[in-house]
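> So for the sequence shown, the UniProt record's numbering puts the first residue at 1; every next one is plus one.
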Amino acid sequence: MAKVNIGLDAELVVEVMVLAGVGSPQDAVEAVVRDYIARGHRTEERTGSQNAGVREPGAAPEPPRG
1 MAKVNIGLDA ELVVEVMVLA GVGSPQDAVE AVVRDYIARG HRTEERTGSQ NAGVREPGAA
61 PEPPRG
């Protein structure tokens, strides 16, 4: 798997480490990202929103709400 290096605020990383109960900044951030992705997949499964952006050809656009 490809790796990416990013810079994060140290206070954020320490807080994630404490909340996740992990001793490594890398593991803490990875746990948060994996949880975020898993949560998104669970939401898609429950709501069926994976096809929400797909419209039928020729269908009228929805009027603006608000």
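The C-beta atom is built at its ideal place from N, Cα and C for all residues, glycine as well. These numbers were taken from a predicted model, which means no experiment stands behind them.
1) Please tell me whether Ala38 and Ala28 are closer than 9 Å, where the distance is taken between their beta carbons.
2) Can you tell me whether Asp35 is helix, strand or coil according to DSSP?
3) Find out if the Cβ-Cβ distance for the pair Val22, Ala31 is shorter than 9 Å.
4) With the cut-off set at 9 Å, would you say Pro25 and Val33 are in Cβ contact?
Per the coordinate set shown:
1) no
2) helix
3) yes
4) no
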